[in-house]
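Written out below as structure tokens is the structure these notes cover.
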Amino acid sequence: MTAISVSSHSTAHPLPARTAYGYVALAAVLSAGPSMWGSAVKFAAAHDLLQPNSWTEGTRDAISILAIVFSAGCALKWWKARTRPGRVRQQCVNAVVLMVTVECCLAVSGWPRDTPTTAGEGKLLTIGLLLWFARELLLRHGVAPSVTGLGFGPATVERHTVAGVLAGGVTLIALILTCTQIRIFLFEHFPVYGPGLSGPGNLFEEVARYAWTSVVEELLLTAVVVTLLVAARRPAWEWLLVAAVLRFLPHLYLGLSGMDTLLLGAGAAWIFYRYRDVLPLIVAHFLYNTVILDFTAQLPQRWAAVVLAWVAAGVVTVVAVVSPGSAPSPRRHPAKPTPRH
179 MTAISVSSHS TAHPLPARTA YGYVALAAVL SAGPSMWGSA VKFAAAHDLL QPNSWTEGTR
239 DAISILAIVF SAGCALKWWK ARTRPGRVRQ QCVNAVVLMV TVECCLAVSG WPRDTPTTAG
299 EGKLLTIGLL LWFARELLLR HGVAPSVTGL GFGPATVERH TVAGVLAGGV TLIALILTCT
359 QIRIFLFEHF PVYGPGLSGP GNLFEEVARY AWTSVVEELL LTAVVVTLLV AARRPAWEWL
419 LVAAVLRFLP HLYLGLSGMD TLLLGAGAAW IFYRYRDVLP LIVAHFLYNT VILDFTAQLP
479 QRWAAVVLAW VAAGVVTVVA VVSPGSAPSP RRHPAKPTPR H
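The structure is reproduced here in structure tokens:
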């Protein structure tokens, strides 16, 4: 995966709030639009308000296709405005973007029907397009790229110590354990409006779907949202609330049983803001979907494990703050020579 790093350095002129929220809405539609439509259809069907048919399925596919085409078009337009490539290079990029976009659209629509499914391939290609879209979007607003990692600019000093990184990891584990128990409790007491939006497929398709979900939700609904709203100088409670709500929207089909995603969204946003690195969130999200959810559901004394995890997170965080090296050493200036009389 291409690593993307951004660092916000346009603090003199903050991003207008209207512009920031416009792009936040765009990120939500690109990442969660099809899921929100599918969830709305499932909710309506569960209450006998609407019966799923070819039109509702086709509308969901159309939203996906429009999102793919729009994100590819925006990324290509912004890239051309930012660079002055040669004619051959520009034509090559145009051709690659066109081929990837067409392939993604065909995979979403399932055409041609008599061939083996390419849903997994389409998901992986869409990841590439959305990574490029996010990169060009942030570059457009004074965010510098790097290939050193997925960090999003200067973070608190705890990031630069082993204890600080460990504190972030333990906090993430505690958050995952907590949300797992909340979800199990909610599943037992509230209805779910149908299974996930994608049925079971082969192993490659399942892995591709989990990878797509992990990258898209953490990159667009956490990293991009927090970066834009912080650049617009919005208060912390505001971008935490927005990140929480946007994380819940793709899981509307779970009904009240998906309320734990509010905590996951806010927690991921805070961890990202503190460490400015989205790669651990992507990895944790992928592992959560594939193995951690089932594993933690089988833990004995599950709530005791949650309490112990949060206690450990608090202890390690305190150690990270007070440990040597948590603060940058002051820059030493050479001593001025003593004037001779």
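Letter 87 of the sequence shown, counting from 1, is numbered 265 in the numbering used here, and no numbers are missing. We put the CB at the ideal spot given by N, CA and C, even for glycine. Every value quoted in this text rests on a predicted model; they were computed, and no experiment measured them.
Under 8 Å by Cβ, that's how I've got residue i and residue j pegged, so tell me the actual separation to the nearest angstrom.
i	j	result
Val219	Leu208	Contact doesn't hold; Cβ gap of about 19 Å is too wide.
Ile460	Glu396	5 Å
Val393	Tyr451	Not quite, the Cβ-Cβ distance comes to about 19 Å (not below 8 Å), so this is no contact.
Ala446	Trp417	About 12 Å separates the two Cβ atoms, so there is no contact after all.
What residue does the alpha helix (DSSP H) around residue i start on, and which one ends it?
i	result
His429	Element bounds for His429: n/a, residue is neither H nor E.
Thr261	It is not in any alpha helix (DSSP H) - Thr261 carries neither H nor E in the DSSP assignment.
Pro458	457-465
Met214	195-224
Ala447	438-453
Arg387	381-396
Leu406	403-409
Just to confirm before moving on: does the CB-CB distance between residue i and residue j stay below 7 Å?
i	j	result
Arg361	Leu399	no
Ala422	Ala444	yes
Ile243	Cys283	yes
Ala195	Ala410	yes
Leu407	Ala210	no
Leu307	Ala250	yes
Glu314	Ala273	no
Ala312	Glu299	no
Arg238	Pro263	no
Rounded to the nearest angstrom, what separates residue i and residue j at their Cα positions?
i	j	result
Leu381	Met277	25 Å
His463	Leu353	12 Å
Tyr431	Arg412	30 Å
Val456	Leu442	14 Å
Ala245	Met214	13 Å
Pro192	Asp226	48 Å
Tyr201	Leu419	16 Å
Ser435	Ile449	24 Å
Gly329	Arg454	Confidence at Gly329 is low in this model, with a pLDDT of 45, below 50, so the placement of that residue should be treated as unreliable; the coordinate-derived value is given next. Going from the Cα of Gly329 to the Cα of Arg454 covers about 5 Å.
Thr304	Ala389	11 Å
Gly433	Phe221	8 Å
Tyr199	Ala205	10 Å
Met437	Lys255	38 Å
Lys301	Ala386	6 Å
Leu309	Leu316	11 Å
Arg267	Leu465	38 Å
Gly216	Ala223	11 Å
Cys357	Leu364	10 Å
Arg318	Thr261	12 Å
Val271	Thr279	12 Å
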